[in-house]
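Chains A and B, in that order, give the protein sequences.
The working numbering puts the first residue of the first sequence at 12, with every later residue one more than the last.
The working numbering puts the first residue of the second sequence at 12, with every later residue one more than the last.
Reviewing the structure listed below.
Number of protein chains: 2
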Amino acid sequence: MPSGEDDSANETSGEERLIGRYFRPLATTPGAFALGDDAAVLTPPPGCDLVLSTDGVIAGVHFLAEDPPDSIARKALRMNLSDLAAKGATPVGFLLSIALPAETQDSWVAAFAAGLGQDIAYYACPLLGGDTDRTPGPLSVSIAAFGTVPHGGMVRRATAKPGNIIAVTGTIGDAALGVLLHLDASLAERWQLSVASRTHLRDRYLLPQPRNVLAEALRHNASAAMDVSDGLVGDLAKLCRASGVAAEIDVASVPLSDAAREALSADAKLIERILTGGDDYEILAALSPANFSAFRAAAAQAGVAVTQIGQVTSGQGVLFRRDGKVLSFARPAYTHF
Amino acid sequence: MPSGEDDSANETSGEERLIGRYFRPLATTPGAFALGDDAAVLTPPPGCDLVLSTDGVIAGVHFLAEDPPDSIARKALRMNLSDLAAKGATPVGFLLSIALPAETQDSWVAAFAAGLGQDIAYYACPLLGGDTDRTPGPLSVSIAAFGTVPHGGMVRRATAKPGNIIAVTGTIGDAALGVLLHLDASLAERWQLSVASRTHLRDRYLLPQPRNVLAEALRHNASAAMDVSDGLVGDLAKLCRASGVAAEIDVASVPLSDAAREALSADAKLIERILTGGDDYEILAALSPANFSAFRAAAAQAGVAVTQIGQVTSGQGVLFRRDGKVLSFARPAYTHF
Chain A
12 MPSGEDDSAN ETSGEERLIG RYFRPLATTP GAFALGDDAA VLTPPPGCDL VLSTDGVIAG
72 VHFLAEDPPD SIARKALRMN LSDLAAKGAT PVGFLLSIAL PAETQDSWVA AFAAGLGQDI
132 AYYACPLLGG DTDRTPGPLS VSIAAFGTVP HGGMVRRATA KPGNIIAVTG TIGDAALGVL
192 LHLDASLAER WQLSVASRTH LRDRYLLPQP RNVLAEALRH NASAAMDVSD GLVGDLAKLC
252 RASGVAAEID VASVPLSDAA REALSADAKL IERILTGGDD YEILAALSPA NFSAFRAAAA
312 QAGVAVTQIG QVTSGQGVLF RRDGKVLSFA RPAYTHF
Chain B
12 MPSGEDDSAN ETSGEERLIG RYFRPLATTP GAFALGDDAA VLTPPPGCDL VLSTDGVIAG
72 VHFLAEDPPD SIARKALRMN LSDLAAKGAT PVGFLLSIAL PAETQDSWVA AFAAGLGQDI
132 AYYACPLLGG DTDRTPGPLS VSIAAFGTVP HGGMVRRATA KPGNIIAVTG TIGDAALGVL
192 LHLDASLAER WQLSVASRTH LRDRYLLPQP RNVLAEALRH NASAAMDVSD GLVGDLAKLC
252 RASGVAAEID VASVPLSDAA REALSADAKL IERILTGGDD YEILAALSPA NFSAFRAAAA
312 QAGVAVTQIG QVTSGQGVLF RRDGKVLSFA RPAYTHF
């Protein structure tokens with residue numbers, strides 16, 4: 012099972028045919044050798060560190076088998092791009108491992124590859140190599156993505172300091188509501204959502220918007236950061252534990268989209284889902300007050316909202332306060348274990 | 012799904028518990044941040060290229076679910092190390108993605124991690140990060156491994172030249188016979204194998220012996236190389252197609268172990284299985300005659316046999332000759348498509 016296979020005129024297996032037809036056209040960077048070697052080559056810029064992320068999706072666990080194949084591809088890549096963004100890294104390429112059930116149609120693979128190709132171009136993150144297998148199980152996609160930072164410049168998770176402002180980009184909870192809608196369309200009525208709001212929430216589930224445009228500003232300003240993938244509550248707890256600090260969050264400050272506000276006013280209990288549901292792919296950062304202002308200004312220039320939601324304190328634990336009361340959560344973070 | 016999770020005193024999910032208990036102790040290199048960040052950091056040595064390989068295994072496709080977990084782990088890593096070896100690269104680390112069925116026992120994960128730890132130490136290839144998921148499907152392991160070569164020094168597959176000697180390391184066909192034995196123990200009687208031979212063949216299936224010790228000698232001497240993972244016949248065809256050359260192989264020269272010779276003398280038809288069965292993880296190289304001698308001498312110093320099995324010619328196609336006749340193969344290469 013090499014990283015890639017030969018030219019399409021000499022296909023000797025279904026694997027080579029799929030790779031040749033759908034994935035080779037995406038592997039245009041010289042170091043990918045058109046997927047025709049055992050490995051790829053990446054020449055890191057002098058003075059840089061490589062930042063390495065790996066994340067994958069499995070049908071029935073992270074997405075629905077009937078989701079659009081182009082959005083499955085793009086989401087799998089964007090989950091990794093979001094990790095790179097939160098670390099302040101500039102994407103330089105990725106490896107793709109895909110396991111396909113025997114019944115997978117060529118048209119599915121074609122649409123998957125087309126979606127991937129769009130994001131390869133949009134994020135300037137070339138396909139370097141991969142591995143394609145048949146599986147008796149569900150379709151799965153695993154990506155290892157690589158970025159660069161100036162040596163020593165990766166934004167850590169473990170370096171938040173008491174006194175830091177806690178900020179998030181964009182809005183929280185949309186994808187978590189979007190997947191509920193995607194599973195049960197009748198919720199749109201119950202939540203009294205406009206058509207635009209339904210579309211917004213569903214789109215945020217299908218297609219994350221990683222904040223790679225903020226990588227440099229994060230590197231210059233953040234004390235610590237991570238992306239919000241498993242829910243704000245659980246991920247902030249991780250950041251605080253890793254940093255040996257505590258945090259207080261003002262729930263009323265957590266930025267919500269108009270669509271999430273509509274849903275929340277129809278069902279106040281959705282606040283837990285919004286804060287813990289995950290798949291946000293926004294950035295959670297801890298910054299000194301001066302750096303927070305600089306970061307927010309840089310983000311505004313890039314068209315991304317940044318909102319202060321609380322502050323880092325000494326001690327341990329994270330308090331989410333609303334109307335003077337501390338919220339508790341039945342299921343603080345997304346986990347499929 | 013971050014690259015890793017927090018400290019074991021604060022486990023909030025089964026995923027974190029597994030990672031904390033079994034995988035964090037393996038992640039001792041500083042850039043892995045004890046699996047406690049979203050990403051890992053790798054500082055490439057100045058003047059080096061990174062060589063990137065990805066390869067995975069799925070239960071029921073590439074191994075049997077009841078195979079020993081330590082050997083599954085080691086084989087998954089060694090398949091990637093073999094790619095790095097064939098490219099002349101020195102391993103510098105890897106990312107691990109593992110999808111576990113719900114019924115996976117902790118004892119299985121413990122044995123898997125113990126096997127991985129042995130090879131991390133033996134090959135000096137640190138665990139940098141990973142991704143752990145539950146799957147409704149079969150257990151699967153995907154690894155992305157990284158090596159370094161001096162800039163421009165990766166040994167390519169596409170650069171074999173007419174006049175080159177074709178050589179292989181070690182012996183061919185052992186793992187392909189080993190998996191047959193593993194599936195049907197009665198073959199040992201039919202093939203009249205000694206106990207030592209049974210053990211040898213089975214071990215070669217369970218635990219490849221990648222030739223990383225030869226990486227530097229390959230870099231200095233080989234015109235082109237790849238590892239033999241999908242069978243000598245199919246892989247040599249790939250190397251020749253990629254290089255735009257042809258090859259002639261003397262089947263009598265293909266190095267066989269004593270065990271494979273025993274099996275072959277009991278059943279002459281096994282020659283096809285030996286030449287096409289795959290899982291050899293030996294190195295197939297094309298070298299000028301002068302470089303072949305130097306490579307063979309360096310390999311002998313490292314305790315690895317290198318055997319000339321044929322030569323590169325101009326044109327296209329690969330001929331396997333035995334007793335003056337050209338062999339043809341029903342199934343030239345391993346493929347599960």
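Glycine included, each C-beta is placed from N, C-alpha and C at the ideal position.
- Rounded to the nearest whole angstrom, the C-alpha separation of B:A169 and B:M237 is 10 Å.
- Secondary structure of A:V315 (DSSP, three-state): coil.
- Chain A places no beta carbon closer than 9 Å to that of B:C136, leaving this residue out of the contacts.
- Counting along the chain, no alpha helix (DSSP H) covers A:K172, and no H or E run does either.
- By the neighbour-count definition (other C-beta atoms within 10 Å, threshold 16), A:Q220 is a buried residue.
- By the Cβ test, the segment 141–148 of chain A is not in contact with the segment 221–235 of chain A, since fewer than three Cβ pairs between them sit closer than 8 Å.
- The C-beta of A:P56 has fewer than 16 other C-beta atoms within 10 Å across all chains shown, which makes the residue exposed.
- Chain B places a beta carbon closer than 9 Å to that of A:I69, counting this residue as a contact.
- Three or more beta-carbon pairs separated by less than 8 Å link the segment 62–72 of chain A to the segment 93–105 of chain A, which places the two stretches in contact.
- Counting only runs that start and end inside the segment 159–208 of chain B, the beta strand (DSSP E) elements of at least 3 residues fall at 176–180.
- Residues of chain B with a Cβ closer than 9 Å to the Cβ of A:L330 do not exist, since the nearest Cβ in that chain sits about 16 Å away.
- Within the segment 58–134 of chain A, the complete beta strand (DSSP E) segments at least 3 residues long are 59–69 and 101–112, listed from N- to C-terminus.
- Between B:V160 and A:V52, the CB-CB gap stays under 9 Å.
- Under the three-state reduction of DSSP, A:F331 is assigned to strand.
- Cα atoms of B:G245 and B:T287: separation of roughly 7 Å, rounded to the nearest angstrom.
- Residue state for B:V244 is assigned as helix, using DSSP reduced to three classes.
- Counting every other CB atom within 10 Å of its CB across the protein chains shown gives B:D81 a total of 16 or more, marking it as buried.
- Under the three-state reduction of DSSP, B:V256 is assigned to coil, being neither helix nor strand.
- Contact annotation: A:A178 and A:R284 have beta-carbon atoms that are not nearer than 9 Å.
- For A:S108, the chain B residues whose Cβ falls inside 7 Å of its Cβ are T65, G67 and S153, in order along the chain.
- Contact of B:D144 with chain A is assigned, a C-beta pair being separated by under 9 Å.
- Interface annotation, A:P219: not in contact with chain B, CB-CB separation never under 9 Å.
- Nearest Cα to A:L37 within the set A:A248, A:L106, A:R89 and A:A309: A:L106.
- When only Cα atoms are considered, B:E293 and A:G25 end up about 24 Å apart.
- Ranked by how close their Cα comes to the Cα of A:A196, the residues A:R213, A:A279, A:P137 and A:T318 have A:R213 in first place.
- Straight through space, the alpha carbons of A:G163 and A:A171 are spaced by roughly 17 Å.
- Taking a cut-off of 8 Å for Cβ pairs, the segment 305–325 of chain B and the segment 253–267 of chain B touch, as three or more such pairs fall below it.
- No Cβ of chain B is located within less than 9 Å of the beta carbon of A:L286.
- Annotation for A:F123: P80 and A84 place their beta carbon closer than 6 Å to its own, counting only its chain and skipping 5 residues before and after.
- Where A:A263 is concerned, there is no enclosing alpha helix (DSSP H), because DSSP gives it neither an H nor an E.
- The C-beta distance from A:A50 to B:K86 rounds to 18 Å, too long to meet the 8 Å contact threshold.
- Secondary structure note for A:T287: its alpha helix (DSSP H) is the uninterrupted segment L281 to T287.
- According to the DSSP assignment, B:G25 belongs to the alpha helix (DSSP H) that extends over G25 to L29.
- Residue environment: B:E273 is assigned as buried (16 or more neighbouring CB atoms within 10 Å of its CB, all protein chains considered).
- Within the segment 247–270 of chain A, the residues whose Cβ lies closer than 8 Å to some Cβ of chain B are A248, K249, R252 and A253, listed in chain order.
- Of all residues in the segment 233–245 of chain A, only A236, M237, D238, S240, D241 and G245 come within less than 9 Å of chain B when Cβ atoms are compared, listed by chain position.
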